Amino acid sequence: MSNLSREDVAHVAMLARIQLEDAELDRLAAQLDQIVDWVGQVGEVASADVPPMSHPMPLANVTRPDEVRDSLTVEQALANAPQAQDDRFAVPRILDEE
Amino acid sequence: MSDPTTHAASGAGAADADLTRLTAVEMADRLAAGALTSVELTQAHLDRIERIDPTLNAFLLVDAEGALATAREVDAARAAGEQLPRLAGVPVAVKDIACTQGLTTTAGSRMLEDFVPPYDATVVARIRQARMPILGKTNMDEFAMGSSTEHSAFGPTRNPWDLDRIPGGSGGGSSAAVAAYLAPLAIGSDTGGSIRQPAAVTGTVGTKPTYGAVSRYGIIALASSLDQIGPCARTVADAALLHEVIAGHDPMDSTSVDAPVPDVVGAAGTTDLSGLRVGVVREISGSDQGFQPGVQARFDEALDALRDLGAEITEVSCPHFAYAMAAYYLILPSEASSNLARYDAMRYGRRVTPDGSPSAEQVMGASRDAGFGDEVKRRIILGTYALSSGYYDAYYGQAQKVRTLIARDFEAAFEQVDVLVSPTAPTTAFRIGDKTEDPMAMYLNDIATIPANLAGVPGMSVPSGTADEDGLPAGLQILAPAMQDQRLYAVGAALEARLRERQGGYVIEQAPEIEVRA
Amino acid sequence: MSTRTSAGPDRTVPYDDLLTRYEPVLGLEVHVELGTATKMFCGCATGFGAEPNTQTCPVCLGLPGALPVVNRTAVESAIRIGLALNCGIAEWCRFARKNYFYPDMPKNFQTSQYDEPIAVDGWLDVEVPPREGVDEEPFTYRVEIERAHMEEDTGKSTHVGGSTGRIHGASHSLVDYNRAGIPLIEIVTKPLTGAGERAPEVARAYVGALRDLLRALDVSDVKMEQGSLRCDANVSLMPTGAERFGTRTETKNVNSLRSVERAVRYEMTRHAAVLDAGESILQETRHWHEDTGITTSGRPKSDADDYRYFPEPDLVPVAPTREDVERLRATLPENPAERRRRLQEEWGYSDLEMRDVVNAGAVEVIEATVAVGASPAAARKWWMGELARRAKTAGEDGSAVGLLDLGVTPAHVAELDDLVTSGRLNDSMARQTLDGVLAGEGSPTEVADARGLELVQDDGALQAAVDEVLAENPDVVEKIRGGKVQAVGALIGQVMKKMRGQADAGRARQLILDTLGVQG
Ligand SMILES: [Mg+2]
Ligand SMILES: [Zn+2]
Chain A
7 MSNLSREDVA HVAMLARIQL EDAELDRLAA QLDQIVDWVG QVGEVASADV PPMSHPMPLA
67 NVTRPDEVRD SLTVEQALAN APQAQDDRFA VPRILDEE
Chain B
-5 MSDPTTHAAS GAGAADADLT RLTAVEMADR LAAGALTSVE LTQAHLDRIE RIDPTLNAFL
55 LVDAEGALAT AREVDAARAA GEQLPRLAGV PVAVKDIACT QGLTTTAGSR MLEDFVPPYD
115 ATVVARIRQA RMPILGKTNM DEFAMGSSTE HSAFGPTRNP WDLDRIPGGS GGGSSAAVAA
175 YLAPLAIGSD TGGSIRQPAA VTGTVGTKPT YGAVSRYGII ALASSLDQIG PCARTVADAA
235 LLHEVIAGHD PMDSTSVDAP VPDVVGAAGT TDLSGLRVGV VREISGSDQG FQPGVQARFD
295 EALDALRDLG AEITEVSCPH FAYAMAAYYL ILPSEASSNL ARYDAMRYGR RVTPDGSPSA
355 EQVMGASRDA GFGDEVKRRI ILGTYALSSG YYDAYYGQAQ KVRTLIARDF EAAFEQVDVL
415 VSPTAPTTAF RIGDKTEDPM AMYLNDIATI PANLAGVPGM SVPSGTADED GLPAGLQILA
475 PAMQDQRLYA VGAALEARLR ERQGGYVIEQ APEIEVRA
Chain C
196 MSTRTSAGPD RTVPYDDLLT RYEPVLGLEV HVELGTATKM FCGCATGFGA EPNTQTCPVC
256 LGLPGALPVV NRTAVESAIR IGLALNCGIA EWCRFARKNY FYPDMPKNFQ TSQYDEPIAV
316 DGWLDVEVPP REGVDEEPFT YRVEIERAHM EEDTGKSTHV GGSTGRIHGA SHSLVDYNRA
376 GIPLIEIVTK PLTGAGERAP EVARAYVGAL RDLLRALDVS DVKMEQGSLR CDANVSLMPT
436 GAERFGTRTE TKNVNSLRSV ERAVRYEMTR HAAVLDAGES ILQETRHWHE DTGITTSGRP
496 KSDADDYRYF PEPDLVPVAP TREDVERLRA TLPENPAERR RRLQEEWGYS DLEMRDVVNA
556 GAVEVIEATV AVGASPAAAR KWWMGELARR AKTAGEDGSA VGLLDLGVTP AHVAELDDLV
616 TSGRLNDSMA RQTLDGVLAG EGSPTEVADA RGLELVQDDG ALQAAVDEVL AENPDVVEKI
676 RGGKVQAVGA LIGQVMKKMR GQADAGRARQ LILDTLGVQG
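Residue numbers (the numbering used here), protein chains in the order written: chain A, 7 to 104; chain B, -5 to 512; chain C, 196 to 715.
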């Protein structure tokens, strides 16, 4: 039985903003189906009373004082920008929302 | 470990070879004594890199100018009678996962081919404070995803023991550089074994400290809750010195542990393990786990050696380790899918613009398709899937519970014993290309190293010898409770000394001289 | 991905009409930018209006390797806001990553809180003012608060190449990340039911009350026009008597109190028209247009809204101790509405006077003026009268400025009033003194001294002037003696003129009457 259909992979790739070509999608879908099947074994062990562990060290309340530190210069900030204009990052047209 | 003589390979006529074959401890001592300058030492390494590295491809970038500038400063400071840190003037290589201000930092990815960070990772800042010349940036699997360095966008690194084999991964560049005497020390990062497994297959020493013991600030994140930075070296004492330089609390990393650094350097002088309780983890040791016979044989001998040193060996069981791989391959891709979302070609990184008048969304999609390699895409998609609505509980949530069970296994085991041991990797170095088409087979390399990352405990790989069937090195993994990193160094140093006595030298000295390829 | 299908404006039905058939349900989400010195997770400054991309660092630009560290003051502000909204404060909570791609969001995830917010289950009572000719009393409504949580702001995009700087038709966008990472508190109400026809006013009153509360807490400058307070209004209708809520729309970009009311009202009339036609509401975001007073279709809810929340692994939990919470509770100011009631009583203002003072934003300045010795009546008289009048044109090129920007302090006003009540200055002299204070000539006493402003206290000079004026106006004197006492006014003016204004008009009147032997 397939865990992960080609459509699933296409949808997830869309969520992850990776524009896959068809051949790539076919290949990844097959591999991922196998991997998902294998990782699914985590469902075999842990019961409801086992708390999830998101972090290895039991730390809490790590904060910093509200004190200003030096920012980068605008030149540094923009140095790696694929495109910049008027001291801002130039990005392609944005669809959807305002 | 106070042998004052060098163990330079006999007959290696060139002066650079002599110098590069010193241990970091010896280099530091000679520098301190004024018997050697940092410029000489650094230049010797740069010369060797120039000669050997075109064959190995361990470095993605060599910063001769920067390294020599630091070396000159150190020499001048020493001449002026300044009190200098222990490793001042001893060169080091840095995995290309650590941001270096002004030096291109790629994480092995096409995506970051031209990325020049405007800041230093904390680890790099500490290396600079320790006044160690940085030779350059070492090769790695793209975004540290892999166990062979074959997933680097800039070509694989070759294993100095056998140029047709992998040097382990993801930190194959660092371990190969150290194994090939291109650098005495290197920085690695270990998310599921990326310091320890390369150390094992290159006959070197590598430590993954306790999670939070070394700052992750400025380290290109793979999986935030698993990543840890550590030292790569040829000897346990050398590794301890670098460990001491990089460890310690950093307010820039919220997950950094605010506690004193354990005395790893002191522990690396240990020669006697009387009374130490050593546990062999049944689930990640033994031939019934499918480990290569030569790897298993060296492991069994290492247990004998530990016994000789006074340790008491018992077998312990960590039943949930069987699920560690599956949990790891859910947690890592999930966190990675989010950590790597920032590579969208808007602020930095490689931008690919499809024909026409594409939207930001289309440019992101095309750039990420072109900028990421297969393994990265595989894991991002897997992680995105595992976090997506309707699947979170069954995958990511469940994996986090397995993590709890594994941590409990460790707790229970550490009630019985002081350290745990296993072979570091199931096999010696495999051939380049052997596993690239089978991601699952590649994943299984990390079966013994992954549990430590899931639980956050420290681990080290020390050479255990070479396998009879292929003459390639194997490693012994030592695991200790969190914040007890010094135990790794005590056990590692004592074992190293015993094997050295028995074999007449360090395991790394059995490596053949590298044949430079045209 | 735009799904705008219909051209032209949406249909609506008359407001009063829809209320006979539908019950509105509101949900309000307010984002407040905290006024901390630095951002939520890095040490970059937060000042408004800085040059583009000058307040950024590896952390808030989402550079490879950068890690967040939580701003302690932001957490404390969040707790204080939660307490002021009568919420419970979590003993342990975490940040989560909300994953979605958008160019103004550097990491392509927003560090926010998901299922573990810092504050939950509170309320805020709001007062809707009485409608003229309809209500006697204000309408009080308890807004139930679901949660208040911490998160970070995004950068700001400017759209280039389109006609009006709008997103549609733009060729590309320019992004400034100065705002990215500024601490936000998102305050979410529970579904608000039962407000009926007053729903739009309740929405407005709530946002206004929240604004006052946040200002009193001194956690934000709460300027809706600058975006430091932003409101998203969820609106749905259900048929009267129904038990299940209708499909809601979320109207974004509502950035004035008036707009909150108008946007809710508009959406109610639009929903009703759709429902009346037997069609169903599309769950989507809507954009509010201040100029035309309508909303337009934004983005439908879709599969792409899978935010893949998970606990932020680069941060550790926030676990405020109960001592910390109590320490913060002790710093809470009086509730603004209660405070207003108390002050009105103390000051003896009428409802109308108090409302004018509140609307003029003069409560604090009057309070400060009373505190330094002025009477409440005098403080109101000066601030709401002469000073309010001058503030209207005190700006550059005659524009209006705020009362506090005039350069007159509460102490000045109290001193000035004292000069009047003690009899040193009359009103006209006080106004001249004020001119000097506004011109930066010093305190009222200093100005009056320098300008020689002082009522003549010595009756001798005044009596001489009175005698002169009486001698010059025998006809008027005749009239007064004949019983037309009001004719005295004509003489007072002449006396004042002779005194060059430096006399008390009341005293002049008395002397005239006394001299003529007439009862006033
Ligand atoms: Mg939000
Ligand atoms: Zn910043």
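Glycine included, C-beta positions come from ideal geometry on N, C-alpha and C. All of these numbers come straight from a predicted model, not from anything done at the bench.
message: On a Cα-Cα basis, can you pick out the residue from B:L235, B:R66, B:F148 and B:F315 that is closest to B:G365?
response: That would be B:F148, whose Cα lies nearest to the Cα of B:G365.
task: Check the Cβ of C:N266 against every Cβ in chain A and list those closer than 9 Å, keeping chain order.
output: T69, R70, P71 and D72
- prompt: For C:T446, which beta-bridge partners are listed by DSSP?
  reply: C:A428 and C:R481
message: Given the structure, does A:S77 come close to ligand 1, in the sense that its CB is under 7 Å from one of the ligand's heavy atoms?
response: no
field: By C-beta, the residues closer than 6 Å to any heavy atom of ligand 1, given in chain order
entry: C:S307, C:E346 and C:E381
- request: List the endpoints of the continuous alpha helix (DSSP H) containing B:A58.
  value: A58 to A73
- prompt: Does the distance from the C-beta atom of A:A36 to that of B:Y342 stay below 8 Å?
  reply: no
- request: Indicate the three-state DSSP secondary structure (helix, strand or coil) for C:K234 in the structure shown.
  value: In this structure, DSSP gives C:K234 a state outside helix and strand, which the three-state scheme calls coil.
- prompt: Taking 7 Å as the line, does the beta carbon of C:V265 fall inside it for any heavy atom of ligand 2?
  reply: no
task: For the stretch 221 to 243 of chain C, enumerate the residues whose C-beta is nearer than 8 Å to any C-beta of chain A, in chain order.
output: So the list reads T231, A232, T233, C237, G238, C239 and A240, given in the order they occur along the chain.
- prompt: If we ignore side chains and look at the alpha-carbon of each, how far apart do C:P333 and C:V323 end up?
  reply: 6 Å
- prompt: Can you find a CB in chain C that lies within less than 8 Å of the CB of B:D69?
  reply: no
- prompt: According to DSSP, is B:F408 helix, strand or coil?
  reply: helix
- request: Compare the Cα-Cα distances from C:L538 to each of C:R575, C:T604 and C:A273 and report the closest residue.
  value: C:R575
message: If I measure Cβ to Cβ from C:H484 and keep anything under 8 Å in the same chain, skipping five residues before and after, which residues do I get?
response: T490 and T491
- prompt: Around the Cβ of C:N303, are there at least 16 other Cβ atoms within 10 angstroms (buried) or fewer (exposed)?
  reply: With 16 or more Cβ atoms within 10 Å of its Cβ, C:N303 is classed as buried.
field: Residues near C:R457 in its chain [Cβ-Cβ closer than 7 Å; skip 5 each side]
entry: G488
message: For chain C, check one thing: does any of its Cβ atoms lie closer than 8 Å to the Cβ of A:V97?
response: yes
query: Could one say the Cβ of A:V15 lies closer than 8 Å to chain C's Cβ atoms, at least one of them?
result: No, A:V15 does not count as interfacial toward chain C.
- request: Look at the alpha carbon of C:P639 and the alpha carbon of C:R534, and state the distance between them as a whole number of angstroms.
  value: 31 Å
query: Does DSSP put C:S368 in a helix, in a strand, or in coil?
result: strand
- prompt: Is any heavy atom in ligand 2 found nearer than 7 Å to the beta carbon of C:C234?
  reply: According to the sequence as given, residue 234 of chain C is Lys; it is not Cys. Answer for C:K234: yes, Cβ within range of ligand 2.
C-alpha gap between C:A682 and C:R626, whole angstroms: 27 Å
- prompt: Is any beta-carbon of chain B found at less than 8 Å from that of C:N373?
  reply: no
task: Under 6 Å Cβ to Cβ from C:A285, same chain only, skipping five residues before and after it: list those, please.
output: I313
message: Between A:S60 and chain C, is any beta-carbon pair separated by less than 8 Å?
response: yes
task: Taking 8 Å as the cut-off, decide whether the C-beta atoms of B:I374 and B:A330 are in contact.
output: yes
query: Is there a Cβ from chain B that is less than 8 Å from the Cβ of A:R12?
result: no
message: Please tell me whether A:Q82 has its Cβ less than 8 Å away from any Cβ of chain D.
response: Although the question refers to chain D, the structure presented lacks it and instead comprises the protein chains A, B and C.
- prompt: Measuring from the CB of B:V451, is there a heavy atom of ligand 2 at a distance below 7 Å?
  reply: Answer for B:V451: no, Cβ out of range of ligand 2.
- prompt: Using the rule of at least 16 other Cβ atoms within 10 Å of the residue's Cβ for burial, across every protein chain shown, is B:A419 buried or exposed?
  reply: Result: buried.
- request: Taking C-beta pairs closer than 7 Å, name the residues in chain A that B:Q392 reaches, listed in chain order.
  value: By Cβ distance, chain A contributes V48, G49 and A52.
message: Let's test the definition: count the other Cβ atoms within 10 Å of the Cβ of C:N554 and tell me whether it reaches 16, buried, or not, exposed.
response: exposed
message: Distance cutoff 8 Å, beta carbons only. Does C:T200 sit that close to anything in chain A?
response: Bear in mind that a pLDDT of 43 at C:T200, under 50, signals an unreliable position, so the model cannot answer this.
task: Return helix, strand or coil for B:Y342, following the three-state DSSP convention.
output: coil
task: Would you list the residues sitting across from C:Y217 in a DSSP beta bridge?
output: C:P434
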